[in-house]
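This report concerns only the one structure given below.
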Ligand SMILES: [Ca+2]
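Numbering (our numbering), first residue to last: 2 to 317.
And the structure:
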């Protein structure tokens with residue numbers, strides 16, 4: 002494990018350094034303004050490229066490492082944030098598993114019907130998980146689920162706590178009801194009832210990925226306590242802690258392993274079609290600090306065999 006991590010950091014450093022060599026010379030020769038402005042411009046450009054290189058490096062490494070194992074867990078080298086010192090600054094890299102979170106796109110179907118129920122259908126019961134998660138976070142669960150369902154469903158008939166075209170059109174500035182799945186998490190900020198505080202509370206626990214898929218399996222190796230307790234009403238906080246303790250020493254290698262946690266035997270059976278032990282969508286954050294200038298890139302990348310696919314890209 003330690004060798005893995007050292008290898009990961011080393012290769013990443015090499016990738017980043019290689020990408021930087023060309024850039025420095027280029028900027029020094031291109032920019033002819035006063036010295037202070039030039040320096041800060043160069044720092045900022047260097048920071049952006051360093052952050053971008055960090056994403057490139059992380060993608061290359063994930064692409065290399067993910068196929069080597071049949072499960073993904075928080076013991077994997079990607080799960081620990083990295084800090085790579087650079088000549089004039091540092092690059093900080095962190096990777097999050099999007100399968101550790103609940104998908105907002107699976108709470109209700111395009112027909113507006115909430116995904117509920119107890120059969121083996123993989124699309125079911127996301128609504129129950131959302132309601133429990135929102136309640137835990139002390140949010141108005143029913144109204145928020147109504148608003149999410151209205152946002153993604155095709156019709157323009159508002160649910161009791163939701164909103165459709167008429168409400169969105171009356172905003173200042175006027176908005177359009179989406180009536181399609183969320184493409185980015187940021188969209189949540191314009192949905193009825195989602196203040197910036199609410200969005201911030203949900204950010205660590207919810208995702209929009211996978212966007213167009215009948216199911217959004219939750220990885221029991223990486224899901225935080227809040228998501229574990231939301232999976233089933235019988236999973237108490239102490240039972241969730243037991244799951245977390247168990248996977249610290251023994252990561253789950255298949256879904257049925259969840260039943261080995263004391264107290265989880267019966268509950269696990271009902272969860273088998275909604276959980277996974279292997280992840281394929283990751284959110285990568287790379288932040289570069291160059292002489293006091295901070296530049297970052299956040300990207301979501303899908304690894305499902307073949308070339309990695311960038312689902313999201315934001316620079317700041
Ligand atoms: Ca709608």
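A virtual CB, placed ideally from N, CA and C, is assigned to each residue, including glycine. Predicted model only: the values in this text are computed from it and were never measured.
State the DSSP-derived secondary structure class of residue 230, mapped to helix, strand or coil. Judged by DSSP in its simplified three-state form, residue 230 adopts helix.
So, helix, strand or coil for residue 289, using DSSP? For residue 289, the three-state secondary structure derived from DSSP is strand.
Quick check: does the Cβ of residue 156 come within less than 7 Å of any heavy atom belonging to ligand 1? The answer is yes for residue 156.
Residue 295 - partner residues in DSSP beta bridges: Beta bridge pairing from DSSP links residue 295 with 290.
Contact the stretch 184 to 197 vs the stretch 36 to 52: 3+ CB pairs below 8 Å: Taking 8 Å as the limit for Cβ pairs, the verdict is that the stretch 36 to 52 does not touch the stretch 184 to 197.
Between the stretch 171 to 190 and the stretch 57 to 73, are three or more C-beta pairs nearer than 8 Å? Segments in contact, no.
Could you tell me the alpha carbon to alpha carbon distance between residue 78 and residue 9, rounded to whole angstroms? If I take the Cα positions, the gap works out to 7 Å.
Use the C-beta contact count for residue 102: other C-beta atoms within 10 angstroms, 16 or more gives buried, fewer gives exposed. Buried: at least 16 other Cβ atoms inside 10 Å.
If contact is defined by three or more beta carbon pairs under 8 Å, each pair taking one atom from either stretch, is the stretch 268 to 287 in contact with the stretch 299 to 306? With contact defined as three or more Cβ pairs closer than 8 Å, the stretch 299 to 306 and the stretch 268 to 287 are in contact.
What's the gap between the Cα of residue 15 and the Cα of residue 95? Rounded to the nearest whole angstrom, the C-alpha separation of residue 15 and residue 95 is 17 Å.
Please report the distance separating the alpha-carbon of residue 223 from that of residue 97. Spanning the two alpha carbons is a distance of roughly 9 Å.
Should the stretch 138 to 145 be called in touch with the stretch 232 to 249, which here means at least 3 C-beta pairs below 8 Å? No, the stretch 138 to 145 is not in contact with the stretch 232 to 249.
Going by DSSP, what residue range makes up the alpha helix (DSSP H) through residue 79? Secondary structure note for residue 79: it is in no alpha helix (DSSP H), with a DSSP letter that is neither H nor E.
Give a single yes or no on whether residue 144 has its beta carbon closer than 7 Å to a heavy atom of ligand 1. In terms of side-chain proximity, the C-beta atom of residue 144 is found no nearer than 7 Å to any non-hydrogen atom of ligand 1.
Among 138, 149 and 49, which one has its Cα closest to the Cα of residue 108? Checked all of 138, 149 and 49; the closest Cα to residue 108 is 149.
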